[in-house]
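In this note's numbering, the protein residues as written are 3 to 179.
Here it is, written out as structure tokens:
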């Protein structure tokens with residue numbers, strides 16, 4: 003077997019319309035609490051994210067990597083003391099929210115880890131699985147039932163109907179432009 007980089011970054015998006023996430027300090031604190039090395043272990047064949055742009059993307063030419071040229075922007079280990087300090091300075095000690103994920107084993111494992119980590123900071127976090135549903139719609143012109151599949155996860159993402167959502171950000175090409 004040969005393992006190749008998929009150029010995907012597992013990302014956590016916070017809905018800043020939620021009062022809890024309006025302050026950047028809170029979002030930063032929750033990010034600092036994440037041990038990205040632990041997430042890489044959970045996902046098995048993964049590297050800890052050190053920035054939004056994953057490994058495999060070229061910089062300005064095909065001889066250099068964007069990730070190598072830009073350096074690490076995010077620490078791979080958690081900084082719980084700094085996270086607690088930021089929450090304290092923001093005046094936030096607790097709160098409740100949901101993590102929306104696809105009904106998928108990998109997403110659920112990462113979400114469970116995040117629930118534990120953020121729970122240790124005083125938050126009550128639940129997981130909301132967003133799968134697909136089928137609805138049958140009566141087409142009166144053709145007089146037949148037509149089944150449509152709705153992806154509730156994509157709908158939640160597109161409509162900002164989430165508190166926190168896990169998103170696999172995939173690069174469509176290794177070319178930076």
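Glycine residues also receive a C-beta, built at the ideal position from the N, C-alpha and C atoms.
Do residue 101 and residue 116 have their C-beta atoms within less than 9 angstroms of each other? yes
Sequence-distant residues of the same chain with beta carbon closer than 8 angstroms to residue 92, five excluded per side: 25, 27, 28, 31
For residue 174, count neighbouring C-beta atoms within 10 Å of its own C-beta (all shown protein chains included) and say buried if the count is 16 or more, exposed if not. exposed
In the DSSP output, what is residue 110 paired with across the bridge? Note: residue 110 sits in no beta bridge, so no partner.
So within the stretch 83-127, which uninterrupted beta strand (DSSP E) runs reach at least 3 residues, ignoring any that extend past its ends? 97-103
Confirm, please, whether the CB-CB distance from residue 52 to residue 75 is below 9 angstroms. yes
With DSSP as the reference, identify every bridge partner of residue 129, one or two as the case may be. 101
Determine the contact status of residue 184 and residue 50, defining contact as a CB-CB distance below 9 angstroms. In the structure as shown, the chain starts at 3 and stops at 179, and residue 184 therefore has no counterpart that could be examined.
Same chain, Cβ closer than 8 angstroms to residue 103, neighbours up to 5 away in sequence not counted: 109, 110, 112, 113, 129, 130, 131, 132, 155, 167, 168
Checking 9 angstroms against the spacing of the C-beta atoms, do residue 153 and residue 134 come in under that value? yes
Hey, out of 18, 19, 6, 35, whose CA is closest to residue 118's CA? 35
Under a Cβ-count criterion, where at least 16 other Cβ atoms within 10 Å of its own Cβ denotes burial, should residue 71 be classed as buried or exposed? exposed
For residue 169, list the residues DSSP reports as bridge partners. 13
Contact defined as beta carbons within less than 8 angstroms: I believe residue 12 pairs with residue 170. What is the distance between those atoms, to the nearest angstrom? 6 angstroms
Per DSSP, which residues does residue 60 bridge with? Please list them. 67
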